[in-house]
Amino acid sequence: MLKANLGVGPWSVFYIGVSTRLPLTLGRAIQVGGLFMILLALLLKTYPGIGTILHMFFMGFFIDLINPLIPEIHFLANQVAVLACGTVIFSIGSALYINADHGVGPKDSMVLGICKKTGRSIRLIYNAMEIMALSVGYFLGGPVGIGTIAVALSVGPIIQFFLKFLPEKEVRKQSILRSIFH
25 MLKANLGVGP WSVFYIGVST RLPLTLGRAI QVGGLFMILL ALLLKTYPGI
75 GTILHMFFMG FFIDLINPLI PEIHFLANQV AVLACGTVIF SIGSALYINA
125 DHGVGPKDSM VLGICKKTGR SIRLIYNAME IMALSVGYFL GGPVGIGTIA
175 VALSVGPIIQ FFLKFLPEKE VRKQSILRSI FH
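Its first residue numbered 25, the sequence shown is counted upward by one per residue in my numbering.
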């Protein structure tokens, strides 16, 4: 989605902005940000699953590994196609890791912790965090465009659509820390 040059999702705007201001690659910025979110979630007594840790590490690792191999996209029709395909592929991946039930991503862990602490709805906290990430990322120089709006409005519905095709699982309340200490 980044190489489509039409804008990226709110958190990608944030991480790209951070990586332009600090001596961090985009992948490393995602890993450091994920670590901070996991630590905040722990302070809020929301415990990560193994998937939370793996998500943080591998997302950053693979972005740094693959991003240099993808060429810049210059023609509008190709940009739209790449953005659309990237959004669908990202959403399918999100549906798969949500369905695996081994812990949500670091951002989701943080959001759940804030919701638990404040009593506010997931929708309110999640939207507030998306707006915050987008705003800070924009001021740090992250790429905002029509694709940012498209990604923000479409990822949730696409994930929900693909979750319908995956087997339902019973939600487990186990986390890494609980499995180690019990």
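Ideal Cβ positions, reconstructed from N, Cα and C, are used throughout, including at glycine. Since the model is a prediction, treat every value here as computed from it, not as a measurement.
Sequence-distant residues of its chain with Cβ nearer than 8 Å to residue i (five each side left out)
i      : result
TYR213 : A query on residue 213 cannot be resolved here, the shown segment of the chain reaching from 25 to 206 and no further.
VAL179 : GLY33, THR111, PHE114, SER115 and SER118
LEU67  : GLY137
Collapsed DSSP secondary structure at residue i in the structure displayed
i      : result
PRO47  : coil
TYR71  : coil
PRO95  : coil
LEU66  : helix
VAL32  : coil
GLY129 : coil
LYS10  : Here the chain has residues from 25 to 206 only, and residue 10 is not among them.
LEU201 : The pLDDT assigned to LEU201 is 45, lower than 50, so where the model puts this residue is not dependable; a value taken from the coordinates is nonetheless given after this. Three-state result, LEU201: helix.
MET153 : helix
VAL168 : coil
GLY143 : coil
Presumed contact (8 Å Cβ cut-off) between residue i and residue j, rounded CB distance
i      : j     : result
SER133 : MET83 : With 8 Å as the limit, SER133 and MET83 do not qualify as a contact, their Cβ atoms being about 14 Å apart.
THR208 : GLY33 : Nothing about residue 208 can be read from this structure; the chain reaches only from 25 to 206.
ILE170 : GLY31 : 6 Å
Residues of its chain near residue i, where Cβ-Cβ distance is below 6 Å and the 5 sequence neighbours each way are ignored
i      : result
LEU136 : THR70
ILE87  : LEU50 and GLY51
VAL106 : ALA28 and ILE97
CYS139 : ILE146 and ILE149
Contact set for residue i: own chain, Cβ-Cβ below 7 Å, skip 5 residues either direction
i      : result
HIS126 : GLY73, ILE74 and GLY75
LEU64  : MET134 and GLY137
Problem set entry | Sufficient close CB pairs (3 or more, under 8 Å) joining the stretch 179 to 189 to the stretch 115 to 128 | Note that the stretch 179 to 189 touches the stretch 115 to 128; at least 3 beta-carbon pairs, one per stretch, sit closer than 8 Å.
Exercise. Do the stretch 73 to 89 and the stretch 138 to 156 make contact, defined as three or more Cβ pairs closer than 8 Å?
Worked result: Contact between the stretch 73 to 89 and the stretch 138 to 156 is absent, because fewer than three Cβ pairs lie under 8 Å.
Exercise. Is the number of C-beta pairs between the stretch 96 to 108 and the stretch 25 to 32 that are closer than 8 Å three or more?
Worked result: The stretch 96 to 108, when compared against the stretch 25 to 32, does touch it at the 8 Å Cβ threshold.
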